[in-house]
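Before any comments, here is the structure.
Protein chains in written order, with our numbering: chain E, 118 to 231; chain F, 4 to 113.
Here is the structure:
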């Protein structure tokens with residue numbers, strides 16, 4: 118009865134490198150959400166995906182950030198050419214995809230950009 | 004004005020006290036109201052979920068929603084040191100994305 122699984126737990130990148138964050142939703146969940154938590158700030162919505170579809174990316178920065186949730190495998194949040202301001206905790210959540218709005222979160226990936 | 008306002012605290016109470024945590028929101032279209040608990044370096048854990056005005060109780064936790072005042076509360080009875088965490092209110096409308104408060108840091112002293 119695994120929950121939402123995220124890896125890696127910690128990721129260190131130098132400026133200009135790429136960061137790939139992975140998220141496997143809870144069993145039976147088909148909807149995935151990515152949130153970012155900056156130091157001293159609340160969680161901010163980034164993107165909402167279903168299998169093979171981006172439903173809402175209104176919270177994604179316009180450049181360097183992308184997300185996917187392929188038919189097979191985990192959801193990926195990709196950050197190209199990272200900058201120091203990208204340092205944050207990135208959380209993935211999943212839901213059943215009914216009218217039920219309950220989101221269950223993973224333990225997050227702490228991204229540090231040197 | 005932020006869509007969801009939450010007193011950041013920190014809040015420190017003795018063990019056994021009743022804790023009251025609050026949020027206000029500005030958008031009357033919000034329909035779903037949640038409270039999450041987040042321990043340090045962990046993901047948020049869903050505590051309470053409701054979609055109507057009134058009270059909802061689960062063990063030592065009671066969630067209260069007043070849509071007319073756009074005000075939500077979480078009460079913790081008989082607080083325990085293990086309740087020490089950051090508590091986040093979260094609200095959503097029909098768009099499925101949650102809008103979070105900034106969180107209230109709670110410490111329950113033994």
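In this text, a Cβ means the ideal position worked out from N, Cα and C, and glycines have one as well.
Predicted model only: the values in this text are computed from it and were never measured.
Inclusion of residue 206 of chain E and residue 150 of chain E in the CB contact set at 8 Å is not warranted, their separation being larger than that value.
Apart from sequence neighbours up to five positions away, the residues of its chain that approach residue 208 of chain E with a beta-carbon distance below 7 Å are 152, 154, 160, 222, 223 and 225, ordered along the chain. Between the region 17-29 of chain F and the region 48-62 of chain F, the count of Cβ pairs shorter than 8 Å is below three; the stretches do not touch.
Within chain F, no C-beta atom comes nearer than 8 Å to that of residue 194 of chain E; the closest sits roughly 15 Å away. In terms of beta-carbon proximity, residue 207 of chain E stays away from the interface with chain F, with every pair separated by 8 Å or more. By the neighbour-count definition (other C-beta atoms within 10 Å, threshold 16), residue 77 of chain F is a buried residue. Any Cβ of chain E closer than 8 Å to the Cβ of residue 57 of chain F would place that residue at the interface, and such an atom is absent. Beta-bridge annotation (DSSP): residue 171 of chain E is paired with E:166. A distance below 6 Å between beta-carbons, with the five flanking residues on each side excluded, links residue 227 of chain E to the following residues of its chain, in chain order: 127 and 206. Taking a C-beta distance under 8 Å as the contact criterion, residue 135 of chain E and residue 196 of chain E qualify as a contact pair. By the Cβ rule, the region 22-42 of chain F counts as touching the region 76-90 of chain F, because three or more pairs are nearer than 8 Å. Proximity of chain F to residue 224 of chain E at the Cβ level (cut-off 7 Å) is accounted for by 45 and 46, in chain order. Within the region 93-104 of chain F, contact with chain E at the beta-carbon level (separation under 7 Å) is assigned to 95, 98, 99, 100, 101, 103 and 104.
In the DSSP assignment, residue 220 of chain E falls outside any beta strand (DSSP E), carrying neither H nor E.
Counting the other Cβ atoms within 10 Å of the Cβ of residue 42 of chain F gives fewer than 16, which makes it exposed. Residue 40 of chain F is classed as buried because its beta carbon has at least 16 other beta carbons within 10 Å across all chains shown. When 8 Å is used as the limit between beta carbons, residue 106 of chain F is near these residues of chain E: 159, in chain order.
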